[in-house]
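Take a look at the structure below.
There are 2 protein chains.
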Amino acid sequence: MGVVVNTGRRERRKLETRRRLDEVALRLFLAHGYDGVTVAQIAEEADISVATLFAHVPDGKDALIFDDGSERRAGIVAAVRDRDEPILAALHRFFAARGPYSTDIPPEHAPKRDLIVQTPALREYARKLWHSCEPDLTAALADDSGLPPDDPAVRALARFVLEIPDLTGTAPDPAAALASVFALLESGWPPRT
Amino acid sequence: MGVVVNTGRRERRKLETRRRLDEVALRLFLAHGYDGVTVAQIAEEADISVATLFAHVPDGKDALIFDDGSERRAGIVAAVRDRDEPILAALHRFFAARGPYSTDIPPEHAPKRDLIVQTPALREYARKLWHSCEPDLTAALADDSGLPPDDPAVRALARFVLEIPDLTGTAPDPAAALASVFALLESGWPPRT
DNA sequence: CCTAAAACTGAAGTGATTACAACTTTAAAC
DNA sequence: GTTTAAAGTTGTAATCACTTCAGTTTTAGG
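Chains as they are written, first to last, in our numbering: chain E, 132 to 324; chain A, 132 to 324.
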């Protein structure tokens, strides 16, 4: 069914270790900066070997404080299916509600968000995670428009949409920026006055 | 005037060494694949030390077969200034004529293009080079539209435009793809039928 | 209890990249 | 043309992310 079943001590420990790694890595990154921490230190602090660390997080140091992206992917797919509004409106709503970068974030998550935005490697990895949704989004857009999935406009729109979190994440007013970008995608350039 | 003056033996040698590195790296990459060649081998073949190699190409292995991006930047700036057509039309023309990814490429450059497209690290670096034009393009778009340079739509359009080379580089008909993407940027989604 | 799969480990290796201190070349002033 | 300081080059050693591997432990499940 799901990618990983959640029965048994084994899986529970696995998840627990992964969670501990995430917590330790974030704590150390926040304290000393991303480049000020080595994976060896993180493994040490999490009380596992370096080899095991990489077994748990094969995508490397960047990936330590991120989930595997399956939530985003599922979220986008869900947002785009079963709707009664244009697809871009649905995506707009999705980002406004959930984007890690966009609107109101609980204050305890703010330091993490700031760390990511200010650390090129982490920001880049977050961007990659969003773009890992490209195949799904492309398929959805093709479905919706009746165009083939390899249509250049379809591919381009998917790419552009997934660039939005990184783009609006740094804006002073993320919600307004979000609206502005979606308006651009809907109406084109130059913007209607 | 320019970033580097071209007088004197010193500068000439510098350029010569850089050119040799480019040539050697490309040759070896094409022969054994990007991951099948170490920088040590490249330095050896180019008859300089590894330290010197990195002095010449501080951006690392990825950057070996690329110029420093100043040409692209100058090209875009030039394309966007002194024109009698809409700015997107000028950019369309620019990419159609010159994008390393887009239309007709002399057959001797094809292997290099293929190598870049098929090697994630190189493709990524090429993307970065294009996006290094973002400040210039943003400024030009702001100028052109009267909007402030930090306007979300302006920033978004610059970002989207610079994603185009990577996007259309893999299309079966690059010129058509280019036209399709520019149509999207001009008229918005869904595309007019 | 038994066994095979899965997880964990330390140690050693690879490869990119940097730091450094010594040595050489060059530009340019005197 | 000698001097001098900056710029370029080099070998060596280090750091760091990441991988490999062979051996050990743990666990699931019959």
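No residue lacks a Cβ here, since even glycine has one placed at the ideal position from N, Cα and C.
Q. Alpha carbon to alpha carbon, how far is K377 (chain E) from R286 (chain A)?
A. Because chain E is modelled from 132 through 324, residue 377 (chain E) falls outside the range shown and cannot be assessed.
**Q.** Below-8 Å beta-carbon distance, R224 (chain A) vs any chain E residue
**A.** Output row for R224 (chain A): interface = no.
Q: With a 10 Å radius around its C-beta and 16 neighbouring C-beta atoms as the bar for buried, classify D281 (chain E) as buried or exposed.
A: Under a 10 Å Cβ-count criterion, D281 (chain E) is classified as exposed, with fewer than 16 other Cβ atoms of the shown protein chains found around its own Cβ.
Q) Counting along the chain, where does the alpha helix (DSSP H) carrying P242 (chain E) start and finish? A) Following the DSSP letters along the chain, one finds P242 (chain E) inside the alpha helix (DSSP H) bounded by residues 241–249.
Q.
Tell me the DSSP secondary structure of I179 (chain A) in three-state form.
A. Of the three classes helix, strand and coil, the one that applies to I179 (chain A) here is coil, per DSSP.
Q. DSSP three-state call for S318 (chain A): helix, strand or coil?
A. Per DSSP, reduced to three states, the secondary structure at S318 (chain A) is helical.
Q: Taking only beta-carbon positions, decide if R290 (chain A) is within less than 8 Å of chain E.
A: True, the Cβ-Cβ gap to chain E drops below 8 Å.
**Q.** Range covered by the alpha helix (DSSP H) that runs through G265 (chain E)
**A.** The sequence shown places Glu at residue 265 (chain E), rather than the Gly named in the question. Here the alpha helix (DSSP H) through E265 (chain E) covers 265–276.
**Q.** Simplified DSSP assignment, three categories, for T148 (chain E)
**A.** Note: T148 (chain E) maps to helix in three-state DSSP.
Q: Leaving out five residues on either side along the sequence, give the residues of the same chain with a beta carbon under 8 Å from the beta carbon of P279 (chain A).
A: Excluding positions up to five away in sequence, the list reads A273, V285.
Q | alpha helix (DSSP H) runs wholly inside the stretch 155–214 of chain E, at least 4 long, in chain order | A | The qualifying runs are 170–177, 181–187, 201–211.
Q) Is DSSP giving D304 (chain A) helix, strand or coil here? A) Of the three classes helix, strand and coil, the one that applies to D304 (chain A) here is coil, per DSSP.
Q | Limits of the alpha helix (DSSP H) - the one that D297 (chain E) falls within | A | Boundaries of the alpha helix (DSSP H) around D297 (chain E): 283–299.
**Q.** Alpha-carbon to alpha-carbon, D198 (chain A) and Y256 (chain A)
**A.** Taking the CA atoms as reference points, Y256 (chain A) sits about 11 Å from D198 (chain A).
Q: On a CA-only basis, which of A:H163, A:I179, A:F160 is nearest T148 (chain A)? Give me that one, please.
A: Closest by C-alpha distance to T148 (chain A), out of A:H163, A:I179, A:F160, is A:I179.
(Q) Whole angstroms are fine: how far does the CA of L152 (chain E) sit from the CA of I173 (chain E)? (A) Distance from the CA atom of I173 (chain E) to the CA atom of L152 (chain E), rounded to whole angstroms, is 7 Å.
Q: Could you please give the first and the last residue of the uninterrupted alpha helix (DSSP H) stretch that includes R224 (chain E)?
A: In the DSSP assignment, R224 (chain E) falls within the alpha helix (DSSP H) that extends over 218–229.
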